[in-house]
RNA sequence: GCCGCUAUCGUCUAGGGGUUAGGACGGAUGGUUCUCAGCCAUCAAACCGGGGUUCGAAUCCCCGUAGCGGUACCA
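Residue numbers (the numbering used here): 1 to 507.
Right under this line is the structure:
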């Protein structure tokens, strides 16, 4: 497999009897966005493909920003996508609890160990002091922004700080030997210890930090592979250093490239708002299959022929060795194409089910609306839906005649001049007459009657049809007009033709 | 500033010393039809730059450049 052979080898180093365990570890500080969904998907696919386990851990050590609401939104999004987890979240499991905020005593044990072995120390620097240190380091072109000055605090200094009431943080002492980082996707490298600084591992409020909790939990929860975004790449050596000192087993790492916006920046809640929220796509009438298929192809490919992958195929074919190294732009056009594809694979009944809530939301249908009729509407709409919410603009006129005539359409097909309008009125009148007299109001009869009229009177089919289409729907495009006519019914059609003629003669 | 990662059509990507550099989305054109969508056909569109290595480089190496990520008592 060419360039990826090295990676393949690395992922194959997993002992086959070892059950693969991966995790998704979101921080509940907002909704799940496209990038997070992809991280979840890659983890989930990797687990499913290798018959392993997918764990959902909630990294909520940031008390100030974490919310319960966010956590539940993440659950909803993940469940909608069908990325069910084997352990964790609201589900529990053998390594419970899975909320880091509930695992404090576990971390405390390790922190004590670190402190006692001299691998961590208290740091009394204030935020302001830290900032000054950083500024200084920057102007000195230093490779780190904290100089480790509290490593060797005298007991007098410590007492002094304590008497001032300062609450210390705990910092990890970084090693002075290079750290080797092996990454399944990115390969191996050695990190110069001069670039590693003594990270804060416990906040002054007593809450431990990500770099500590993450690697501890990965070990405690027997995680074999950490698959996460490359924004964590620089955290990895720090976490490895901590694990080494603690004697923890290391997972294998696989950093997946970022999902970017169309100007090449990382997708984030902060900059892109809920434009990138997974739940929003659900609300807009996207199908989870489309979303999954789309997101899977961001950074992963199978070969040069296949774009459409069912979930089962994804599970069968996905592996880390075909994940690329460079970021990928989120292209909504492609998502739309995929969504249309998956919608069109649904039968009429399933499509009707899917579309129902949108109609209901708009107050267009209620329990008395006939299912049979609705299905026929969906059938008439055919392959015109990109998302389910498209059903509203495309079918509103079936339920109400309270619509405006589109001015562009009016101008083009009803006529800009009085003369043309008169002609249109004449056609409409005759069409109304034809429809009035037609014996059976079904598609075949209506169609042949109309064609008979146009052809015998030397009227262009398009002109007649478009004139009537606007009268019936207000727009110049949509399903087959015969479908519309029959679905609307004779009375409604005649009524709308009357209304159109009134409009034409008054203007 | 410092550290790191990355680099094939506009976008997602295949390929990986010798290819007409392939596919898909999007775009354009034509066909089909009562319109639109769809479908079918066709077209335009790419190896970041410079040096090496080599008979031959988009592919390997080096150096640039650019973009991005990180640089928090966020994750």
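No residue lacks a Cβ here, since even glycine has one placed at the ideal position from N, Cα and C.
- Query: By Cβ distance, which residues of its chain are closer than 8 Å to residue 503, with the 5 residues on each side in sequence left out?
  - Reply: So the list reads 405, once near-sequence residues are dropped.
- Task: Could you pull out every residue in the same chain whose Cβ sits closer than 6 Å to the Cβ of residue 359, ignoring the five residues on either side in sequence?
- Result: Annotation for residue 359: 365 place their beta carbon closer than 6 Å to its own, counting only its chain and skipping 5 residues before and after.
- Query: Do the region 369-383 and the region 451-464 touch if we need at least three Cβ pairs shorter than 8 Å?
  - Reply: No: the two stretches stay apart, fewer than three of their Cβ pairs being nearer than 8 Å.
- Query: Which residue from 112, 68, 487 and 77 puts its Cα closest to that of residue 397?
  - Reply: With distances taken between Cα atoms, residue 397 lies closest to 487.
- Query: If residue 201 and residue 172 are in contact, beta carbons under 8 Å, what's the gap, nearest whole angstrom?
  - Reply: Indeed, because the Cβ distance is near 5 Å, the residues count as touching under 8 Å.
- Of the listed residues 483, 241, 345 and 389, nearest to residue 361 (C-alpha basis): In terms of CA proximity to residue 361, 389 leads the group 483, 241, 345 and 389.
- Query: Can you list, in chain order, the residues of its chain whose CB lies under 8 Å from that of residue 489, leaving out five sequence neighbours each side?
  - Reply: Result list for residue 489: 441, in chain order.
- beta strand (DSSP E) runs contained entirely in the region 66-127, provided each spans 3 or more residues: You should have 120-123.
- Message: With a threshold of 7 Å (Cβ to nearest heavy atom), would residue 473 be considered close to the ligand GDP?
- Response: Ligands displayed in this structure: none; no statement on the ligand GDP is therefore possible.
- Which runs of the alpha helix (DSSP H), 4 residues or longer, sit entirely within the region 159-210? None, since the region 159-210 contains no complete alpha helix (DSSP H) of that length.
- Item | Residue span of the beta strand (DSSP E) that contains residue 227, given as start and end | Note, residue 227: beta strand (DSSP E), 225-229.
- Query: For residue 271, which three-state DSSP category applies?
  - Reply: If DSSP states are grouped into helix, strand and coil, residue 271 belongs with the helices.
- Query: Among 49, 28 and 51, which has the Cα closest to the Cα of residue 72?
  - Reply: Closest by alpha carbon: 28.
- Taking all protein chains shown into account, do 16 or more other C-beta atoms lie within 10 angstroms of the C-beta of residue 50, making it buried, or fewer, making it exposed? Classification for residue 50: buried.
- Query: How close, in whole Å, do the beta carbons of residue 35 and residue 259 come, if the pair is a contact with beta carbons under 8 Å?
  - Reply: Confirmed, Cβ separation roughly 4 Å.
- Taking just the CA atoms, how far does residue 87 sit from residue 74? Per the coordinates, the alpha-carbon of residue 74 lies some 15 Å from the alpha-carbon of residue 87.
- Query: When the Cα of residue 399 is compared with those of 492, 57, 459 and 481, which residue comes out closest?
  - Reply: Measuring C-alpha to C-alpha distances from residue 399 to each of 492, 57, 459 and 481 identifies 492 as the nearest.
- Query: What is the rounded straight-line gap between the Cα of residue 277 and the Cα of residue 54?
  - Reply: For residue 277 and residue 54, the distance between alpha carbons rounds to 22 Å.
- Whose C-alpha, out of 296, 307, 306 and 237, is nearest the C-alpha of residue 323? Nearest option by C-alpha distance: 296.
- Quick one: grab the DSSP three-state call for residue 499. Correct three-state label for residue 499: helix.
- Query: Is the number of C-beta pairs between the region 226-235 and the region 118-131 that are closer than 8 Å three or more?
  - Reply: A contact is defined here as three or more CB-CB pairs under 8 Å, and the region 226-235 fails this definition with respect to the region 118-131.
- The beta strand (DSSP E) enclosing residue 56, as first and last residue numbers: Note, residue 56: beta strand (DSSP E), 53-56.
- Looking only at C-alpha atoms, which of 317, 52, 417 and 283 sits nearest to residue 387? The option with the nearest alpha carbon to residue 387 is 283.
- Query: Hey, is the region 426-437 in contact with the region 475-482, meaning 3+ C-beta pairs nearer than 8 Å?
  - Reply: The region 426-437, when compared against the region 475-482, does not touch it at the 8 Å Cβ threshold.
- Task: State whether the region 183-198 contacts the region 145-157, with contact taken as three or more CB pairs (one from each stretch) at a distance under 8 Å.
- Result: A contact exists between the region 183-198 and the region 145-157.
- Item | Cut-off 8 Å between Cβ atoms - residues of its own chain near residue 205, not counting five sequence neighbours on either side | By the criterion of a C-beta distance shorter than 8 Å, residue 205 is surrounded in its chain by 63 and 167, once the five residues flanking it on both sides are discounted.
- Task: With a threshold of 16 other CB atoms inside 10 Å of the CB of residue 308, please say whether the residue is buried or exposed.
- Result: Flag for residue 308 reads exposed.
- Query: Contact check, residue 57 vs residue 110 under 8 Å by CB: the rounded distance?
  - Reply: 16 Å between Cβ atoms; not a contact.
- Exposure of residue 13, with buried meaning 16 or more beta-carbon neighbours within 10 Å: In this predicted model, residue 13 has a pLDDT of only 39, less than 50, meaning its place in the structure is not dependable; the value taken from the coordinates is given anyway. Exposed: under 16 other Cβ atoms inside 10 Å.
- Query: By a C-beta neighbour count over all protein chains shown, 10 Å radius and 16 as the cutoff for buried, is residue 289 buried or exposed?
  - Reply: Classification for residue 289: buried.
- Task: Below 7 Å CB to CB, which residues in the same chain sit around residue 175 once its five sequence neighbours on both sides are set aside?
- Result: These residues qualify, in order along the chain: 193 and 241.
- Message: As an exercise, report each continuous beta strand (DSSP E) stretch of at least 3 residues that is fully enclosed by the region 13-51, in chain order.
- Response: With a minimum length of 3 residues, the unbroken runs of beta strand (DSSP E) contained wholly in the region 13-51 fall at 21-24.
- Task: Name the one or two DSSP bridge partners that residue 300 has.
- Result: Bridge pairing for residue 300: 323 [DSSP].
- Query: For the region 382-450, which segments carrying the alpha helix (DSSP H) assignment without a break, of at least 4 residues, lie completely within its bounds, in sequence order?
  - Reply: Within the region 382-450, complete alpha helix (DSSP H) segments of at least 4 residues are found at 391-399 and 418-437, given in chain order.
- Query: Mind checking residue 368: buried by the 16 CB within 10 Å criterion, or exposed?
  - Reply: Around the beta-carbon of residue 368, fewer than 16 other beta-carbon atoms lie within 10 Å, marking it exposed.
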